[in-house]
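In our numbering, the protein residues as written are 319 to 623.
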Ligand code: 13P
Ligand code: SF4
């Protein structure tokens, strides 16, 4: 079967079965082309809440599919490839964070959305990279325990000097591969390019940025900018997508190592198999986890809107 034929079959079946397809911006272009919604993790979590369909398929990593289930427990939610996890989301155990919380009761626990449903049950609010500064600034508490990404935490801390931050050492293994020498090398090769970076990168990388933002933030900045050349400091698929969207501009990856193998795990055939009921994995969460984790996601949507 050709890619086009598989896409047509998916579109036919999704209409027949009333299925909503969500795809993160890091996912393969042939999936994004036929998804109902694409975007960063914040946009997808809001779309998931509003989706009318009874079945939702997430093409992304597991925490994203869990977020959909938490927000819409009445829906049947699938992850198109059950092996696609986010290593950062699985770095911290809920028992460990609950113990830290007990030791520091005057700290609000702010969890990056890249966390498991279980961990969210002991957190006060979630944030995504696009809304982290805004949401933390609206928290009534002065003291913030930010988990798990210390790079995003450091970025938020620098924007909000009026708050006290406690950071733990977690983060994204893909973005953390990049260091200052990569930035200096690519900037030297493309001195006129603007440098756009995801806050999951280390502070020594972020300090050179002309713009810091989520995957969608980086894309819309580049699309609207009058500049003609950009160095893209996030997963390599964003560099590729931008080159499709803006053929008159030039996009350079900060490093060819910026590849998230988990985001690359989901294929068009995985989606096809899930739509026709012979693949994917249904997300199953118990009602107590859903109820507790939902509080912190609802708080994010309330403060982020
Ligand atoms: P966004 O919040 O920008 O979608 O990022 C999610 C992610 O996993 C980035 O690595
Ligand atoms: Fe997780 Fe990093 Fe991959 Fe994003 S890029 S899904 S944070 S491992």
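Yeah, the Cβ is synthetic: ideal placement off N, Cα and C, and Gly gets one too.
{"Query": "Need the endpoints of the alpha helix (DSSP H) that residue 521 sits in, please.", "Result": "521–524"}
{"Query": "What does DSSP give as the partner residue(s) for residue 599 in the beta ladder?", "Result": "397"}
{"Query": "Can we count residue 386 as close to ligand 2, meaning its CB is less than 8 angstroms from some heavy atom?", "Result": "no"}
{"Query": "Can you give the Cα-Cα distance for residue 567 and residue 459, rounded to whole angstroms?", "Result": "44 angstroms"}
{"Query": "Under the three-state reduction of DSSP, which class applies to residue 562: helix, strand or coil?", "Result": "helix"}
{"Query": "Here's a check: name, in chain order, each residue in its chain whose Cβ is nearer than 6 angstroms to the Cβ of residue 461, leaving out the five neighbours to either side.", "Result": "424, 425 and 482"}
{"Query": "Which residue from 603, 421, 518 and 522 puts its Cα closest to that of residue 502?", "Result": "522"}
{"Query": "Give the secondary structure of residue 508 by DSSP, where H, G and I count as helix, E and B as strand, and everything else as coil.", "Result": "coil"}
{"Query": "Measure the Cβ-Cβ separation of residue 358 and residue 447 and say whether it is below 9 angstroms.", "Result": "yes"}
{"Query": "Could you check what DSSP says for residue 493 in three-state terms: helix, strand or coil?", "Result": "helix"}
{"Query": "Between the segment 381–388 and the segment 422–442, can you find at least three pairs of beta-carbon atoms closer than 8 angstroms?", "Result": "yes"}
{"Query": "How would you call residue 479, buried or exposed, if buried means at least 16 neighbouring beta carbons within 10 angstroms?", "Result": "exposed"}
{"Query": "Please list, in chain order, all residues with a C-beta atom less than 5 angstroms from at least one heavy atom of ligand 1.", "Result": "358, 359, 446, 447, 532 and 533"}
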